[in-house]
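Residue numbers (my numbering): 181 to 253.
Glycine included, each C-beta is placed from N, C-alpha and C at the ideal position.
Structure, as structure tokens:
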């Protein structure tokens with residue numbers, strides 16, 4: 181599953197890298213990281229999508245960012 185997601189994201193991003201984080205946001209004041217790197221550049225624009233894993237008692241979201249490399253434009 182993870183490799184399928186990474187393959188899809190690489191096709192969507194073209195020649196840019198995308199960083200994806202998945203969080204359990206059931207407790208909105210303390211989101212719990214489930215997937216992705218723990219350090220992100222907060223200056224880079226973010227796209228947030230809600231995820232439905234079929235559990236009516238839990239809320240999850242995916243946060244995606246383009247990777248900005250120094251020296252690349």
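| Query | Result |
| --- | --- |
| DSSP state of residue 209, grouped into three classes? | coil |
| How should residue 253 be labelled, buried or exposed, when 16 other C-beta atoms within 10 angstroms of its C-beta is the threshold for buried? | Because the pLDDT of residue 253 is 49, which lies under 50, any placement of that residue in the model is unreliable, and the number read from its coordinates should be weighed accordingly. It is exposed - the Cβ of residue 253 has fewer than 16 other Cβ atoms within 10 Å. |
| What are the partner residues of residue 243, as DSSP defines its beta bridges? | 201, 228 |
| Count the other C-beta atoms from every protein chain shown that fall within 10 angstroms of the C-beta of residue 228, then say buried if there are 16 or more, exposed otherwise. | exposed |
| Applying the 10 Å Cβ sphere with the 16-neighbour rule, what's the burial state of residue 195? | exposed |
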